[in-house]
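Asker:
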Amino acid sequence: MGYSFDDVFAAEFEPLHGYISRRLGVSAADDLTAETFAIAYRRWGDLDPSRPVKPWLYGIASNLIQHQWRKERRMLRAYARTGVDPVLAEAGSSDDRLDARAQRAILAAALAQLRWEEREVLLLHAWAELSDAEIAESLSLPLGTVKSRLSRAREHLRNCLGRIGQVEAERLRTVEEGR
Amino acid sequence: MTTDELQLLREFRAGIPVPDDLTRRTVYAYATGAGSSGSQPFGRFRVPRWRSRRGGLVLAIAVLALAGTAVSVASHSLFGLSNHGTRVHAGPAVRGVLNGHVFVQAGVPYNAQRPDSWKRLARRQGIGIYTARTIKGNHLCYYVGRRYREKLYLDGYGCAPFAGELALPARFWTLSGQKAGRKENAWFRSHPFPSPTRPVLILSLGGGQGEYTYLQPVGLAADGVRSIQMLALLDCHPVVTVPVIDNAFIDANPLHVAESFLVARNANGKVIWHSAPLDPPNAYVRTPLDRKVPRECGFK
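Read top to bottom, the protein sequences are chains R and P.
Residues in the first sequence are numbered consecutively from 592, following this note's numbering.
Residues in the second sequence are numbered consecutively from 4, following this note's numbering.
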C-alpha cells in the first residue's frame with residue numbers, strides 16, 4: 592500500500608470535516624469525522640490497496656450522515672425560511688451579503704426537497720469533489736445510477752432556482768428592508 | 004437565474020471554518036486509540052454505533068435491566084443536580100464581559116464574580132452553560148455563552164434563588180421593570196431550582212423579528228428529567244424534543260414557532276412539569292405565575 596493511515600488523515604481530515612460541517616454543522620462534524628476515521632482505522636487492513644482511499648472514506652462518512660438525514664433536512668429548511676445559515680451561525684460567522692443570503696436560502700430549500708439518495712450524490716459531487724466513478728465506488732452503486740441521480744438532482748435544482756428564485760429573493764429583501 | 008447550479012453549490016460550501024489543531028489531534032487520538040471502544044470524543048452529537056444485531060440486543064437487555072433500578076432512583080431525584088461542572092479559566096476576555104454585566108432582578112446584591120469560581124456545566128453545538136459565584140454574597144449565577152467572531156459572548160440569567168426566567172440578559176435590562184418583578188421574585192424564592200416544582204431552569208436563546216423570530220431551547224434540568232419537549236401553544240404539537248444529558252439541554256437549531264412552552268419528561272416519558280408560555284424572541288421574558296397552557300394539551 593502506497594499510503595499510510597497517517598498520510599490519509601493528514602490529507603483528508605480538513606476536507607472531510609468541512610464537508611460534514613456544511614451538511615450537519617460544526618459540532619456534528621467533530622464527532623462524525625472522528626467516527627469516520629475511527630472506522631477507517633479499524634478496517635484499514637481490509638482496504639484494497641489498488642483502489643483509491645478517498646471514495647472509501649466518504650462512503651463511511653455517507654453511512655454515518657445517512658442516520659442524520661432528518662437533522663440535515665431540518666437545518667436546510669430552517670435556512671430556507673430564515674436566510675440565516677445555521678452552520679455559519681453555529682460557527683459564529685455569517686455572510687452579510689443580501690444577494691448571497693437570498694440565493695443560498697433558495698438553494699437550501701431546493702436541497703431540502705431532494706430525495707436523500709439524490710442529495711447524497713449531488714453533494715458528494717459538488718462539495719466533496721468526487722468524480723462520478725468515485726461516487727459509484729463510494730456508495731457501491733452502478734455508474735449509470737450515479738449519473739442518472741446526479742442528472743435528476745441537478746434538474747430539480749435548476750427548476751427550483753428558476754421557479755422560486757424571484758419570489759424568495761423578493762421576500763428576503765422585503766424582510767431586510769423592514770428591519 | 005442563469006448561474007450554474009453547481010457553481011452556486013460550491014459557493015454554498017465555501018466559508019466553512021477550518022477545524023483547529025486541538026480538534027485535529029482529538030480526532031486522531033480517538034480514531035487510533037479510544038475509537039474502538041470509547042464514547043464520542045466531543046460528546047456533542049450522538050452517532051449510531053451498532054456493530055451487530057446481536058450486540059445491540061445484548062446492549063438493549065443490559066439497558067433494560069439497568070433502567071429498572073434507575074427508575075426508582077430517578078423518580079425522587081427532582082431535587083438533585085449531579086452535574087457540578089468542570090472548572091474553567093476565566094481569562095481577561097471573560098472578565099471584561101462580566102465587568103460590564105448588570106443583573107436586573109430585585110434584591111440580588113450583584114457584584115463581580117470570583118474568577119476561581121467559574122465552571123462549565125455543558126458545551127454543545129457551540130453553546131455553553133456556565134456558572135460562577137459572586138464575590139459579594141457568594142450567589143451562584145448562571146450564564147449562557149456563545150462564541151462569535153472569536154469573542155465569547157455571555158448572557159447572564161441571574162443568580163440563585165432568582166435564576167432563570169425572570170432574570171434578563173444584560174442587553175435587555177430595560178425590559179425588566181423591577182416593580183413588576185416582586186411577585187415573581189417571591190415565587191422564585193419559594194421555588195428554588197432544582198426542586199419538584201421547578202425542575203427546569205430555562206436559559207433559552209431567542210432572536211429575530213416578526214415571523215422570523217426564533218428560539219433555541221437551552222437550559223438545565225434536575226436529575227429526574229430525561230428530555231425537554233417544546234410544544235406549540237396553538238395546538239400542542241411537539242416542535243422539538245431535546246435530550247437532557249448531564250442535566251443540560253441544548254439545541255442550537257433556530258426554531259420558528261409563534262408561541263410555545265416547554266414540558267419536562269421523566270424516564271418513562273411522563274410529563275412532570277411544564278413552563279409558562281414562551282413568546283420568542285423575548286423567550287426570557289416569562290412570568291412563572293402565568294402558567295396558562297392549552298387545556299386540550301392535558302396539563303393543569
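C-beta: ideal position from N, C-alpha, C; glycine also.
#1: Exposed or buried, what is Q10 (chain P) when buried is set at 16 or more other beta-carbons lying within 10 Å of its beta-carbon?
#2: Classify P772 (chain R): buried if its beta carbon has 16 or more other beta carbons within 10 angstroms, exposed otherwise.
#3: What does DSSP give as the partner residue(s) for R28 (chain P) in the beta ladder?
#4: Buried or exposed: where does H240 (chain P) fall if 16 or more other Cβ atoms within 10 Å of its Cβ makes it buried?
#5: How long is the line joining the alpha carbons of A601 (chain R) and H716 (chain R), rounded to whole angstroms?
#6: Starting from L1 (chain P), trace the beta strand (DSSP E) in both directions and tell me its first and last residue.
#7: List the residues of chain P that R695 (chain R) touches, going by C-beta distances under 9 Å, in chain order.
#8: Report all residues from its chain with a CB closer than 7 Å to the CB of D639 (chain R); omit the five preceding and five following residues, and keep chain order.
#9: Looking at the C-beta of E605 (chain R), does it have a partner C-beta in chain P at a distance below 8 Å?
#10: Under 8 Å between the Cβ atoms of Q232 (chain P) and L258 (chain P)?
#11: Would you kindly work out how many angstroms separate the C-alpha atoms of S230 (chain P) and K662 (chain R), rounded to a whole number?
#12: Which residue's Cα is closest to the Cα of A32 (chain P): R:A629, R:G616, R:S612?
#13: What residues of chain R sit near T35 (chain P), judged by a beta carbon separation below 7 Å?
#14: Quick check: the stretch 242-254 of chain P against the stretch 121-130 of chain P, are there 3 or more CB pairs under 8 Å?
#15: Checking contacts by CB at 8 Å: is V66 (chain P) closer than that to chain R?
#16: According to DSSP, what are the bridge partners of L204 (chain P)?
#17: Just how far apart, CA to CA, sit L206 (chain P) and V675 (chain R)?
#18: Within 10 angstroms of its Cβ, does H608 (chain R) collect 16 or more other Cβ (buried), or is it exposed?
#19: Can you find a CB in chain R that lies within less than 8 Å of the CB of I275 (chain P)?
#20: When DSSP labels each residue in this structure, what does L734 (chain R) get in the three-state scheme?
#21: Do you know whose CA, among P:R16, P:H277, P:Y217, lies nearest L713 (chain R)'s CA?
#22: Where DSSP assigns a beta bridge to M233 (chain P), which residues make up the other side?
#23: Since E8 (chain P) meets chain R, which of its residues come closer than 7 Å, beta carbon to beta carbon?
#24: Following the continuous beta strand (DSSP E) through F252 (chain P), name the residue where it begins and the one where it ends.
#25: Rounding to the nearest angstrom, what Cα-Cα distance links L655 (chain R) and T137 (chain P) in this structure?
#26: Would you kindly work out how many angstroms separate the C-alpha atoms of L615 (chain R) and A719 (chain R), rounded to a whole number?
#27: Mind the definition here: the stretch 18-29 of chain P touches the stretch 725-745 of chain R only if three or more C-beta pairs lie below 8 Å; say whether that holds.
#28: Would you kindly report the start and end of the unbroken alpha helix (DSSP H) that includes G609 (chain R)?
#29: On a CA-only basis, which of R:A700, R:P646, R:S612, R:S641 is nearest A727 (chain R)? Give me that one, please.
#30: Quick one: Cα of D597 (chain R) to Cα of V644 (chain R), how far?
Answerer: Taking the geometry as given:
#1: For the purposes of this step, residue 10 (chain P) is taken as the residue at position 7 of the second sequence. It counts as exposed.
#2: This structure does not reach residue 772 (chain R), given that chain R is present from 592 up to 770, and the question cannot be answered.
#3: Here residue 28 (chain P) refers to the residue found at position 25 of the second sequence. According to DSSP, which records beta bridges pairwise, R28 (chain P) is partnered with nothing at all.
#4: Here the question's residue 240 (chain P) lines up with position 237 in the second sequence. Exposed, by the Cβ-count rule.
#5: For the purposes of this step, residue 601 (chain R) is identified with residue 10 of the first sequence, where counting begins at 1. For the purposes of this step, residue 716 (chain R) is identified with residue 125 of the first sequence, where counting begins at 1. The alpha-carbon atoms of A601 (chain R) and H716 (chain R) are separated by roughly 22 Å.
#6: A query on residue 1 (chain P) cannot be resolved here, the shown segment of chain P reaching from 4 to 303 and no further.
#7: Taking the first sequence and counting its residues from 1, one reaches residue 695 (chain R) at position 104. In chain order: L11, E14, F15.
#8: Reading the first sequence from its first residue, position 48 is the one you call residue 639 (chain R). Answer for D639 (chain R): no residue qualifies.
#9: In the first sequence, counting from the first residue as 1, residue 605 (chain R) sits at position 14. At least one CB atom of chain P sits nearer than 8 Å to the CB of E605 (chain R).
#10: Taking the second sequence and counting its residues from 1, one reaches residue 232 (chain P) at position 229. Taking the second sequence and counting its residues from 1, one reaches residue 258 (chain P) at position 255. Between Q232 (chain P) and L258 (chain P), the C-beta spacing is not below 8 Å.
#11: For the purposes of this step, residue 230 (chain P) is taken as the residue at position 227 of the second sequence. For the purposes of this step, residue 662 (chain R) is taken as the residue at position 71 of the first sequence. Between S230 (chain P) and K662 (chain R), the C-alpha separation is close to 18 Å.
#12: Position 29 of the second sequence holds residue 32 (chain P). Ranking the options by Cα distance to A32 (chain P), first place goes to R:A629.
#13: The residue you call residue 35 (chain P) lines up with position 32 of the second sequence. Those are Y632, listed as they occur along chain R.
#14: For the pair of segments examined, the stretch 242-254 of chain P was found to touch the stretch 121-130 of chain P: the number of CB pairs separated by less than 8 Å reaches three.
#15: If you number the second sequence from 1, residue 66 (chain P) lands on position 63. Confidence in V66 (chain P) is poor, its pLDDT being 49 and thus under 50, which makes the residue's placement unreliable; the coordinate value appears in the next sentence. At a cut-off of 8 Å, the C-beta of V66 (chain P) has no neighbouring C-beta in chain R.
#16: If you number the second sequence from 1, residue 204 (chain P) lands on position 201. P:L223.
#17: If you number the second sequence from 1, residue 206 (chain P) lands on position 203. If you number the first sequence from 1, residue 675 (chain R) lands on position 84. Computed Cα separation, rounded: 22 Å.
#18: Mapped onto the first sequence, residue 608 (chain R) falls at position 17. Label assigned to H608 (chain R): buried.
#19: Numbered from its first residue, the second sequence carries residue 275 (chain P) at position 272. Put simply, the CB of I275 (chain P) is far from chain R, with every gap to its CB atoms at 8 Å or more.
#20: Within the first sequence, the letter at position 143 stands for residue 734 (chain R). Note: L734 (chain R) maps to helix in three-state DSSP.
#21: Residue 713 (chain R) sits at position 122 when you count from the first residue of the first sequence. The shortest C-alpha separation from L713 (chain R) is found at P:R16.
#22: Looking up residue 233 (chain P) in the second sequence gives position 230. Assignment of beta-bridge partners to M233 (chain P) by DSSP yields P:V243, P:L265.
#23: The residue you call residue 8 (chain P) lines up with position 5 of the second sequence. Result: R745, L748, R749, L752.
#24: Mapped onto the second sequence, residue 252 (chain P) falls at position 249. 251-253 is the span of the beta strand (DSSP E), which, as asked, contains F252 (chain P).
#25: For the purposes of this step, residue 655 (chain R) is identified with residue 64 of the first sequence, where counting begins at 1. For the purposes of this step, residue 137 (chain P) is identified with residue 134 of the second sequence, where counting begins at 1. Straight through space, the alpha carbons of T137 (chain P) and L655 (chain R) are spaced by roughly 44 Å.
#26: If you number the first sequence from 1, residue 615 (chain R) lands on position 24. If you number the first sequence from 1, residue 719 (chain R) lands on position 128. Computed Cα separation, rounded: 14 Å.
#27: no
#28: Looking up residue 609 (chain R) in the first sequence gives position 18. Counted as a single uninterrupted DSSP element, the alpha helix (DSSP H) harbouring G609 (chain R) occupies residues 596-615.
#29: Taking the first residue of the first sequence as 1, we reach residue 727 (chain R) at position 136. Answer by Cα proximity: R:P646.
#30: If you number the first sequence from 1, residue 597 (chain R) lands on position 6. If you number the first sequence from 1, residue 644 (chain R) lands on position 53. In a straight line, the C-alpha of D597 (chain R) is about 12 Å away from that of V644 (chain R).
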